[in-house]
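One structure is given below, encoded as structure tokens.
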Amino acid sequence: MIQHEPGLRICSWNANGLKNKINELRDFATRINPDIIAVQETKLRFTDRTPIANYTFYSTPSRTGRDIRGTGIFIKNNIHHTHYPNPSLRQIESTIVTIQQPTSQESINVISIYLPNGSDSSFIYDIEALIQTNCRTILIGDFNAKHRTWNCVKANPSGMRLNSYASKLKLKIIAPDHPTRIGNNSSNIIDFAIARNIDYHYSIKTITDLTSDHLPILLHLNTNKINIEENYRLIPHWNKFRDHLITQTNYHPKINTKPKIEKETSRLTEDIINAFNLTAKMKKNDSYETPPEIRAQTTHTNRLRKTWQRTKWPLDKKAYNREKEKLSKMWKEHNNNSWQKKITNANTEDKTIWSLIKSYTGENYKIPPLRGNYKIAYSNQEKAEEIALSLQDQFKPNKIRDMKNDKIVRKTVKQFLTSPPNSTIEPCTPDEVREAIKALKKRKSPGEDRITNEMLKNLPRKTLYRITHLTNAILRLQYFPNSWKNSIIIPIHKTGKDPFNPTNYRPISLLSSLSKVVEKIILNRLKPKVENQLIPYQFGFRKNHSTVAQLHRMTEIIKQGWSESKDTGAVFLDVAKAFDKVWTKGLIYKLIQLKIPDALTKLLISYLTDRKFKVRVGKSLSTYKNIKAGIAQGSILAPLCYNIFINDIPRTPRTQLYLFADDTAILSTARNSTTILNDIQRHLNQLEEWLIKWKIKVNVEKSQAVFFSRKRNKPSAPTLNNQIIQWQNQSKYLGIILDQRLTFRPHIDHIKNNYRAAKARLYPILNKDSKMSTKNKLLIYKSILRPLISYAVPIWGIAANAHISKLESLQNVTLRQISKMPWFVRNKNIRQDLKILTLLDFFKKLATSFFNRIDNMDNIVIRSIPRYDPFHPVNKRRARRLLT
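In my numbering, the protein residues as written are 316 to 1199.
Printed below as a string of structure tokens:
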């Protein structure tokens, strides 16, 4: 690799189709080491991926929508930058990146330009629009403009217009001395740069490299003002890490006040991070390695091109084309061999197989410019701030008032906070701390303190005693440290929503790992106090209570009703932002009402209040924002807190309530449809009062009602908040599409579509030509594809044979593809060779396991599910029929 000179190195190249030349460009980037690579005529579509290690790529496909033209910019990951959309352009195609200096307001726009040959004079308006995006601008690329000013033999109309415009605005045209495009009969300089308000010393040259009809150019700006950080990662040395902590931990401070808790929390965090940084080894991120034989062939090909460009002799051109074709074949063979090696070596021990799968099933989503209240957010910093402002509004209680209840809650909470605690919290032991750390998942992103779960798992016993000492102070003083109440939020785009709207991003909170350890210890003391007081209808966040168990309870009630000539009406409610809008004072009030020991309640109040967050986009963080409502998703205590908050949801004797976290359904079963409607409406009326009382909002327009019946006539639609909830033919609940006759045909069609889409994404590693071992292919099928079919199969596995056989054919086709068997080999023989059950037998196996667990559950609502004889013909569409 060429050593990086001081300043900024910008390369530009017309690739004339980037997709098939990306390996050449990777090798070029490794050897030449430019900071920015502007490419033209990429001929890419929006879905095409062309990654280069340690670079971020911004692609602007042609506005025609076809795979022609197009521009892009590769920029090093360690350069602070922002990608901006193009202004309205007529002729030019471009990609814009702004390079930023964090400690200064100065910035430079670098714009990759492609001006199609034969463009009319309106391209000058495009250039004017582009240079106005920033006072300091570099336009670089293929202008298809010729003029004697930049050493062309003759001028063309585009060159004359461009030269005249540059003279009027005092723009610098920076062109190399040697031609950038050499044809059979001409050599011209049409790839160059135009600079506005760039006062740095510069140099530019043509590089004889890369196989295109254009040569790349390299512009060097002699400036040290652009912040380019080295790209390193830390490799831990855990023995040294532990030894360092042991030598540093030689005191046991007395922690008897809240400020001392804060101080010790800060010192503990600092000691762990310092120990890691001082003992870990710094390693530069790997760059792309080109095989020596390909690099030698590249040098040889470039030498022949220079010879042909000098002599213009047909035999030299023929020799160059021959070697260029040989180089292309070498790259293709290298790519195939590398790919097959990667697939062949994939295994479960080092988890390379899952990384390989993730590269096909995962998404690498870049947040586009966001529409803020007053401006468009382009930079990562601006995007983070806009999303943070949106979430700040989201983390507030719903604007719903019940004056009487609000007064009671405020008074009760105030009285409780002013009274001293009458109880104490049981202290923890180092073994309990160790078990809490052991339960943490190893590969999880750290919170704001940057302490990872892996660091905690490698702490020496001396540091565990220190954490125990701190935790006991927290329990004794009923005070949760402020630094552990700060979260970093990663915004995830909601599929199908407008990506330019900052409200359409789901918050994923990164919390302190040390905080989670202490939360687990608090949970160990809270759970026994409330477990027996929680309603049995809530299946979410409870041990041995699955979505399938709740669905089983629901469908069995419906089918039992049919066996008694009764119909069932159901309302499925959509609770708006259930976790983010939890009324904190209301939750505290309910903790008090549950008679939890007051010391534990005071600690939970400290945990729930005064929380803050920042939003991270890329490497940029927003300013702190306050959380005035909600519970931190991802925290250990959040699920139980939510269950406590909705524990007093109304119930009525003539309806059934179904809860899984915030997924709520109400059912009524009767012979008369009017009775069903009245029962549901009575429950909804009580629920409406409760929702107002506790500031919970339901999206009535997204809620659905289904009348499970074989009759055509339906009763009047129920209402909530004076809004009608219309009857639908089907509704999706807990991942299952429930149609009004429970045939499950819509759900099976949905399974087929999902299965085919997932299989298509995995085709490169599952196809017949793939060198991946049959064992690993089978593992992928069992782990990823078959679960798409088998989820909740005890509920719908009794669907008609015609529907089940469609799924069986999906498995047969996949197994034939995995085993590479010809058409004449029977499916039965393939299954026997691969030791795979038919789907029906597999469904029976799953059902047997599920019903064994159901029969051993002690939940009263599960125990109340009606019993029946699965062998009786009248029960042929009941769930337990799968066992026969």
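Here a beta-carbon is modelled for each residue, glycine too, at the ideal position from N, C-alpha and C.
Exercise. Can you name, in chain order, every residue of its own chain whose Cβ lies under 7 Å from the Cβ of D925, other than the five neighbours on each side?
Worked result: On the sequence shown, residue 925 is found 610 positions in, with the first residue counted as 1. Answer for D925: N797, K800, listed in chain order.
For this session: Could you pull the start and end residues of the alpha helix (DSSP H) that W328 belongs to?
Result: Looking up residue 328 in the sequence shown gives position 13. Element bounds for W328: not the alpha helix (DSSP H) but the beta strand (DSSP E), 323-329.
For this session: Return the chain-ordered list of same chain residues with a C-beta closer than 6 Å to the C-beta of N478, the five sequence neighbours on each side being excluded.
Result: Here residue 478 is taken as the residue at index 163 of the sequence shown, counted from 1. Closer than 6 Å at Cβ, skipping near neighbours: H462, T464.
Exercise. Within 10 angstroms of its Cβ, does A330 collect 16 or more other Cβ (buried), or is it exposed?
Worked result: Translated into positions along the sequence shown, residue 330 becomes position 15. With 16 or more Cβ atoms within 10 Å of its Cβ, A330 is classed as buried.
Exercise. When DSSP labels each residue in this structure, what does Y693 get in the three-state scheme?
Worked result: If you number the sequence shown from 1, residue 693 lands on position 378. Coil at Y693, not helix or strand.
Exercise. Quick one: what's N801 bridged to in DSSP?
Worked result: Taking the first residue of the sequence shown as position 1, residue 801 is located at position 486. Beta-bridge pairing links N801 to K927.
Exercise. For P494, does the count of other Cβ atoms within 10 angstroms reach 16, so buried, or fall short, so exposed?
Worked result: Looking up residue 494 in the sequence shown gives position 179. With 16 or more Cβ atoms within 10 Å of its Cβ, P494 is classed as buried.
Exercise. Where does F458 land, buried or exposed, given buried means 16+ other C-beta within 10 angstroms?
Worked result: Taking the sequence shown and counting its residues from 1, the one referred to as residue 458 is at position 143. When all chains shown are included, F458 counts as buried.
Exercise. Hey, out of N737, Y904, S830, whose CA is closest to I1225's CA?
Worked result: Outside the shown range of the chain, which is 316 to 1199, sits residue 1225, and nothing can be said about it.
Exercise. Among N787, G949, H808, G901, which residue has its Cα nearest to the Cα of L826?
Worked result: Here the question's residue 826 lines up with position 511 in the sequence shown. Looking at the Cα atoms, G949 is the closest of the given residues.
Problem set entry | Residue interval of the alpha helix (DSSP H) (run including T778) | For the purposes of this step, residue 778 is taken as residue 463 along the sequence shown, with counting starting at 1. Looking at the DSSP string, the run of the alpha helix (DSSP H) that includes T778 is 776-792.
Exercise. Buried or exposed: N592, going by 16 or more other Cβ atoms within 10 Å of its Cβ?
Worked result: Along the sequence shown, one-based indexing puts residue 592 at 277. Exposed: under 16 other Cβ atoms inside 10 Å.
Problem set entry | Per DSSP, the bridge partner or partners of F1186 | Indexing the sequence shown from 1 puts residue 1186 at position 871. Partner(s): none; F1186 has no beta bridge.
Problem set entry | Every unbroken beta strand (DSSP E) inside the segment 944-979 [3 residues or more] | 971-975
Problem set entry | Supposed close pair I907, T916 - CB separation, criterion 8 Å | Here residue 907 refers to the residue found at position 592 of the sequence shown. Here residue 916 refers to the residue found at position 601 of the sequence shown. Their Cβ separation, rounded to whole angstroms, is 6 Å, which keeps I907 and T916 in contact under 8 Å.
Exercise. Using CA coordinates, which residue listed in Q1038, A914, R1131 is at the minimum distance from K844?
Worked result: Position 529 of the sequence shown holds residue 844. Looking at the Cα atoms, A914 is the closest of the given residues.
Exercise. Going by beta carbon distance, what residues of the same chain come within less than 8 Å of E638, once the five residues before and after it are set aside?
Worked result: Counted from its first residue, the sequence shown places residue 638 at position 323. Around E638: Q612, H615, T616, L619.
Exercise. If we ignore side chains and look at the alpha-carbon of each, how far apart do K1074 and L1100 end up?
Worked result: Within the sequence shown, the letter at position 759 stands for residue 1074. Within the sequence shown, the letter at position 785 stands for residue 1100. So the two alpha carbons sit approximately 7 Å from each other.
Exercise. Which word fits V932, buried or exposed, when buried means at least 16 other C-beta atoms lie within 10 angstroms of its C-beta?
Worked result: As a position in the sequence shown, residue 932 is number 617, starting the count at 1. Buried, because 16 or more other Cβ atoms sit within 10 Å of the Cβ of V932.
Exercise. In the structure shown, what three-state DSSP assignment does K934 receive?
Worked result: The count along the sequence shown starts at 1 and reaches residue 934 at position 619. The answer is coil: DSSP assigns K934 none of H, G, I, E or B.
Exercise. In the structure shown, what three-state DSSP assignment does H567 receive?
Worked result: Reading the sequence shown from its first residue, position 252 is the one you call residue 567. If DSSP states are grouped into helix, strand and coil, H567 belongs with coil.
Problem set entry | Residue span of the alpha helix (DSSP H) that contains I995, given as start and end | The residue labelled residue 995 in the question sits at position 680 within the sequence shown. Where I995 is concerned, the enclosing alpha helix (DSSP H) stretches over 988-1008.
Exercise. With a CB to CB cut of under 7 Å and the five nearest residues on each side skipped, what residues in its chain are close to T1163?
Worked result: If you number the sequence shown from 1, residue 1163 lands on position 848. Around T1163: L1198.
Exercise. Would DSSP call A1117 helix, strand or coil?
Worked result: Stepping through the sequence shown from its first residue, residue 1117 is reached at position 802. Residue state, collapsed to three classes: helix.
Problem set entry | For P822, the nearest candidate out of Q707, I740, P742, T778 (CA to CA) | One-based indexing of the sequence shown puts residue 822 at position 507. The residue with the shortest Cα to Cα distance from P822 is Q707.
For this session: Can you grab the Cα-Cα spacing for the pair F710 / K896, in whole Å?
Result: As a first step, residue 710 is located in the sequence shown; it is residue number 395 there, counting from the start. As a first step, residue 896 is located in the sequence shown; it is residue number 581 there, counting from the start. The alpha-carbon atoms of F710 and K896 are separated by roughly 6 Å.
Problem set entry | Contact belief for I991 with P1030 at Cβ below 8 Å, rounded distance in angstroms | Within the sequence shown, the letter at position 676 stands for residue 991. Within the sequence shown, the letter at position 715 stands for residue 1030. With 8 Å as the limit, I991 and P1030 qualify as a contact, their Cβ atoms being about 6 Å apart.
Problem set entry | Nonlocal neighbours in the same chain, by C-beta distance under 8 Å from I588, ignoring five residues either side | If you number the sequence shown from 1, residue 588 lands on position 273. So the list reads D764, R765, I766, once near-sequence residues are dropped.
Exercise. In this structure, does DSSP put Q1055 in helix, strand or coil?
Worked result: Here residue 1055 refers to the residue found at position 740 when the sequence shown is read from its first residue. Of the three classes helix, strand and coil, the one that applies to Q1055 here is coil, per DSSP.
Exercise. By Cβ distance, which residues of its chain are closer than 6 Å to K487, with the 5 residues on each side in sequence left out?
Worked result: Counting from one through the sequence shown, the residue named residue 487 turns up at place 172. Around K487: A510.
Problem set entry | Assigned secondary structure, P531 (DSSP; H/G/I helix, E/B strand, else coil) | Within the sequence shown, residue 531 is the residue found at index 216, counting from 1. Three-state DSSP puts P531 in coil, outside helix and strand.
For this session: Helix, strand or coil for P843, going by three-state DSSP, please let me know.
Result: Locating residue 843 in the sequence shown gives position 528, counting from the first residue. Correct three-state label for P843: helix.
Exercise. Between E1004 and M718, what straight-line distance do the alpha-carbon atoms span, to the nearest angstrom?
Worked result: Indexing the sequence shown from 1 puts residue 1004 at position 689. Indexing the sequence shown from 1 puts residue 718 at position 403. Those two C-alpha atoms are separated by around 13 Å.
For this session: Let me know the secondary structure DSSP gives E408 once reduced to three states.
Result: Numbered from 1 along the sequence shown, position 93 holds the residue referred to as residue 408. Correct three-state label for E408: strand.
For this session: For my contact list, F507 and P531 are in at a C-beta cut-off of 8 Å; report their separation, rounded to the angstrom.
Result: Within the sequence shown, numbered from 1, the residue matching residue 507 stands at position 192. Within the sequence shown, numbered from 1, the residue matching residue 531 stands at position 216. Rounded, the Cβ-Cβ distance is 12 Å, inconsistent with contact.
For this session: Less than 8 Å between the CB atoms is what I'm expecting for I946 and C956, so what's the real figure, rounded?
Result: Mapped onto the sequence shown, residue 946 falls at position 631. Mapped onto the sequence shown, residue 956 falls at position 641. Right, their Cβ atoms sit about 5 Å apart.
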